[in-house]
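The structure appears right after this line, and notes come after that.
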Amino acid sequence: MHVIRVTIDLTVPDIMEARAFYADYLGLDAEDLGLEWVTRFIVPNSGEHIQLVSRDATASENPLLTVKVDDVDDAYAEARRRGYEVVHPLTTEPWGIRRFFVRAPDGSVLNIAQHRDH
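In structure tokens, the structure reads:
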């Protein structure tokens with residue numbers, strides 16, 4: 001398993017309300033992910049980005065980070081082998097991502113994810 005990208009996930013109470021701050025005030029480009037509970041804001045011309053999450057659609061808690069990997073099944077097996085707490089089971093979500101949530105030793109919850117087309 002290799003990490004491809006890491007994204008900060010900020011939990012916000014209201015995505016639309018937060019849009020005014022991140023897009024209008026900070027000038028970040030909004031990327032519509034087609035989901036009401038999560039959106040991404042991108043720094044123009046750099047690709048750096050953050051995600052805002054109101055309430056994850058299928059998991060019991062929101063992650064602090066999303067870690068995109070090249071082999072989520074391998075990442076899941078290794079997390080289990082090491083005895084890390086799996087907070088959300090390995091799942092292929094209807095919006096096109098295969099993922100699981102794992103709790104790091106410091107208590108942070110990470111979304112380990114891979115798009116199905118990779």
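Going by the numbering used here, the sequence shown opens with residue 1, and the numbers climb by one from there. Where is the CB? At the ideal position from N, CA and C, for every residue including glycine.
- Judged by beta-carbon spacing, residue 76 lies within the 7 Å limit of residue 100, meaning their Cβ atoms are closer than that value.
- DSSP places residue 40 in the uninterrupted beta strand (DSSP E) bounded by 38-42.
- Secondary structure at residue 71: coil, using DSSP grouped into helix, strand and coil.
- Judged by DSSP in its simplified three-state form, residue 59 adopts coil rather than helix or strand.
- Within the same chain, and ignoring the five residues on either side of residue 71 in sequence, the residues whose Cβ sits closer than 6 Å to its Cβ are 1.
- The segment 107-117 makes contact with the segment 51-67; the number of CB pairs closer than 8 Å reaches 3 or more.
- In the three-state DSSP reduction, residue 29 falls in the strand class (E or B).
- For residue 17, the enclosing alpha helix (DSSP H) starts and ends at 15-19.
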